[in-house]
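A.B. asks: Line by line, the protein sequences give chains G and U. Each residue of the first sequence is one higher than the one before, counting from 87 in our numbering. Each residue of the second sequence is one higher than the one before, counting from 87 in our numbering.
There are 2 protein chains.
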Amino acid sequence: MPDLILDHFIPYRLSVASNAVSARISQSYRRKFGLKIPEWRLIAILAEQDSMTPLDIGKAGELDKITVSRAAAALIERGLVQQRKHPGDGRSHFLSLTSDGRALYREIAPIALATEANLLSCFSNEERTLLDDLLRRIERSADAA
Amino acid sequence: MPDLILDHFIPYRLSVASNAVSARISQSYRRKFGLKIPEWRLIAILAEQDSMTPLDIGKAGELDKITVSRAAAALIERGLVQQRKHPGDGRSHFLSLTSDGRALYREIAPIALATEANLLSCFSNEERTLLDDLLRRIERSADAA
DNA sequence: TCCAGATAGTTTCAATTGCAACTAAATTGA
DNA sequence: TCAATTTAGTTGCAATTGAAACTATCTGGA
Numbered sequence: 087m088p089d090l091i092l093d094h095f096i097p098y099r100l101s102v103a104s105n106a107v108s109a110r111i112s113q114s115y116r117r118k119f120g121l122k123i124p125e126w127r128l129i130a131i132l133a134e135q136d137s138m139t140p141l142d143i144g145k146a147g148e149l150d151k152i153t154v155s156r157a158a159a160a161l162i163e164r165g166l167v168q169q170r171k172h173p174g175d176g177r178s179h180f181l182s183l184t185s186d187g188r189a190l191y192r193e194i195a196p197i198a199l200a201t202e203a204n205l206l207s208c209f210s211n212e213e214r215t216l217l218d219d220l221l222r223r224i225e226r227s228a229d230a231a
Numbered sequence: 087m088p089d090l091i092l093d094h095f096i097p098y099r100l101s102v103a104s105n106a107v108s109a110r111i112s113q114s115y116r117r118k119f120g121l122k123i124p125e126w127r128l129i130a131i132l133a134e135q136d137s138m139t140p141l142d143i144g145k146a147g148e149l150d151k152i153t154v155s156r157a158a159a160a161l162i163e164r165g166l167v168q169q170r171k172h173p174g175d176g177r178s179h180f181l182s183l184t185s186d187g188r189a190l191y192r193e194i195a196p197i198a199l200a201t202e203a204n205l206l207s208c209f210s211n212e213e214r215t216l217l218d219d220l221l222r223r224i225e226r227s228a229d230a231a
């Protein structure tokens, strides 16, 4: 009856692949470091940018403001992130990693990269780049509409 | 400091792309037909296979048994899916679409395909096939570990 | 200047999810 | 044969998530 074959339906394939990868990755962040995915993402962003407002973190990491707010609160509580006043805007503030936060990042980053390498072990470099590119394009396409 | 660039980290790209696509797609199922993603997926599976047990549906669609159970209950409630006894196993049962369910499927399927076509409108056929293939491989890789 | 939006971030509350416990039926093996 | 274990599916409860309301601050125009 159907001309739609779920098994070849790209949104389905994408969701299944993403779930499988997320499950695999988040397990290791969670078990070893007690971090949820948004928390890990926030750390990774701050490691690249040093100091940012929650709003900019959200933009940089596709996190909504509620998620950023909660992740930041949890990380501040654990002493991994610190807050300081935004000089020009009293509603906002800057977030940055503490030295504990940076130390944690230096522990996790290699593991994250190794996990990724493992996931992609059967991919050539071209394929890897291609996947990155295709994912970006489909994402842009989805956002557009 | 980091050798990990979030923006090129494949698990991140995958998650962002999948979320963008899911958001786009689920909105249309939800608004037009009042279906959640697992409900839609269950319908799509039954449209292909005609009659299956919840267990087999779960295997076919990467849904866990709780999700299948709840989706099926909701669809039965709406008269889109029906249950009948499993002759050989009293613990289980068969699920299939009712004629209303099939009618709904015939409405949604073309929309789903059109949405997919739209998402992939800037992809060549080769790229499309390639994406499917790459997603399958990374998924297998993630499941393996 | 000061009031009417607009904006940053947080909190509250309701919906969704997922684990673990549960029921019921089937299978295994002494 | 029948008790112990396994399996199919459901349900109850706790954690996660997200939308909308809220607080505090900022901006722009009379």
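From the three backbone atoms N, C-alpha and C, an ideal C-beta is built for every residue, glycine too.
Just tell me which of U:107, U:152, U:166, U:160 has its CA closest to the CA of residue 133 of chain U.
C.D. replies: Residue 133 of chain U sits at position 47 when you count from the first residue of the second sequence. Ranking the options by Cα distance to residue 133 of chain U, first place goes to U:166.
A.B. asks: Quick check on the DSSP output: what are the complete beta strand (DSSP E) runs of length 3 or more inside the region 118–203 of chain U, in order along the chain?
C.D. replies: The region 118–203 of chain U contains these whole beta strand (DSSP E) runs: 167–171, 179–183.
A.B. asks: Taking only beta carbons into account, state which residues of the region 129–151 of chain G come closer than 9 Å to chain U, listed in chain order.
C.D. replies: Those residues of the region 129–151 of chain G placed with their C-beta closer than 9 Å to a C-beta in chain U are 130, 131, 133, 134, 136, 146, 147, 148, ordered along the chain.
A.B. asks: Let me confirm a value: residue 59 of chain U is counted as buried when at least 16 other C-beta atoms fall within 10 Å, else exposed. Which label applies?
C.D. replies: Nothing about residue 59 of chain U can be read from this structure; chain U reaches only from 87 to 231.
A.B. asks: Determine the burial state of residue 203 of chain G: buried for a count of at least 16 other Cβ atoms within 10 Å of its Cβ, exposed for fewer.
C.D. replies: Taking the first sequence and counting its residues from 1, one reaches residue 203 of chain G at position 117. Around the C-beta of residue 203 of chain G, fewer than 16 other C-beta atoms lie within 10 Å, and the residue is accordingly described as exposed.
A.B. asks: Helix, strand or coil for residue 217 of chain U, going by three-state DSSP, please let me know.
C.D. replies: In the second sequence, counting from the first residue as 1, residue 217 of chain U sits at position 131. In the structure shown, the three-state DSSP call for residue 217 of chain U is helix.
A.B. asks: What whole-angstrom Cβ distance do residue 103 of chain G and residue 221 of chain U have, given they're in contact under 8 Å?
C.D. replies: The residue labelled residue 103 of chain G in the question sits at position 17 within the first sequence. The residue labelled residue 221 of chain U in the question sits at position 135 within the second sequence. About 4 Å; that satisfies the 8 Å criterion.
A.B. asks: Can you pull out the residues from the region 90–106 of chain G whose beta carbon lies closer than 8 Å to at least one beta carbon of chain U?
C.D. replies: 90, 91, 92, 94, 95, 96, 97, 98, 99, 100, 101, 102, 103, 104, 105, 106
A.B. asks: Run through DSSP, which three-state label would residue 91 of chain U get?
C.D. replies: Counting from 1 along the second sequence, the entry for residue 91 of chain U is found at position 5. It is coil, neither helix nor strand.
A.B. asks: Using a C-beta cutoff of 8 Å, does residue 199 of chain G count as contacting chain U?
C.D. replies: Locating residue 199 of chain G in the first sequence gives position 113, counting from the first residue. Any Cβ of chain U closer than 8 Å to the Cβ of residue 199 of chain G would place that residue at the interface, and such an atom is present.
A.B. asks: Applying the 10 Å Cβ sphere with the 16-neighbour rule, what's the burial state of residue 125 of chain G?
C.D. replies: Residue 125 of chain G sits at position 39 when you count from the first residue of the first sequence. Per the 10 Å Cβ criterion, buried.
A.B. asks: Does any residue of chain G have a CB that is nearer than 8 Å to the CB of residue 222 of chain U?
C.D. replies: In the second sequence, residue 222 of chain U corresponds to position 136, counting from 1. Yes, residue 222 of chain U counts as interfacial toward chain G.
A.B. asks: Pull out every residue of the region 162–189 of chain U whose Cβ sits closer than 9 Å to any Cβ of chain G, in chain order.
C.D. replies: 188
A.B. asks: Cβ of residue 188 of chain G within 8 Å of Cβ of residue 179 of chain G?
C.D. replies: As a working mapping, residue 188 of chain G is identified with position 102 in the first sequence. As a working mapping, residue 179 of chain G is identified with position 93 in the first sequence. No, the Cβ-Cβ distance between residue 188 of chain G and residue 179 of chain G is not below 8 Å.
A.B. asks: Against chain G, does residue 121 of chain U count as a neighbour if the rule is that its beta carbon must be under 8 Å from one of theirs?
C.D. replies: As a working note, residue 121 of chain U is residue 35 in the second sequence. Judged by the 8 Å Cβ criterion, residue 121 of chain U is not in contact with chain G.
A.B. asks: Measuring CA to CA, which of G:193, G:226, G:122, G:150 is closest to residue 209 of chain U?
C.D. replies: Looking up residue 209 of chain U in the second sequence gives position 123. Ranked by how close their Cα comes to the Cα of residue 209 of chain U, the residues G:193, G:226, G:122, G:150 have G:226 in first place.
A.B. asks: Check whether the region 136–150 of chain U and the region 109–128 of chain U touch, using three or more Cβ-Cβ pairs below 8 Å as the test.
C.D. replies: yes
A.B. asks: Report the rounded CA-to-CA distance for residue 163 of chain U versus residue 123 of chain U, giving the unit in angstroms.
C.D. replies: As a first step, residue 163 of chain U must be located in the second sequence, where it is residue number 77. As a first step, residue 123 of chain U must be located in the second sequence, where it is residue number 37. Between residue 163 of chain U and residue 123 of chain U, the C-alpha separation is close to 17 Å.
A.B. asks: Secondary structure at residue 205 of chain U, three-state DSSP: helix, strand or coil?
C.D. replies: Here residue 205 of chain U refers to the residue found at position 119 when the second sequence is read from its first residue. It is helical.
A.B. asks: Can you round the beta-carbon distance between residue 228 of chain G and residue 110 of chain U to whole angstroms, since I take them to be within the 8 Å contact cut?
C.D. replies: The residue given as residue 228 of chain G occupies position 142 in the first sequence. The residue given as residue 110 of chain U occupies position 24 in the second sequence. So it is a contact: roughly 5 Å between Cβ atoms.
A.B. asks: Check whether chain U comes within 8 Å of residue 110 of chain G, counting only Cβ atoms and requiring the distance to be less than that.
C.D. replies: On the first sequence, position 24 is the one that residue 110 of chain G refers to. Output row for residue 110 of chain G: interface = yes.
A.B. asks: Have a look at residue 63 of chain U and residue 177 of chain G and give me their C-alpha separation to the nearest angstrom.
C.D. replies: As displayed, chain U neither begins before 87 nor continues past 231, which places residue 63 of chain U out of reach and without an answer.
A.B. asks: Just tell me which of G:199, G:190, G:135 has its CA closest to the CA of residue 161 of chain G.
C.D. replies: Numbered from 1 along the first sequence, position 75 holds the residue referred to as residue 161 of chain G. G:190 is the residue among G:199, G:190, G:135 whose C-alpha sits nearest the C-alpha of residue 161 of chain G.
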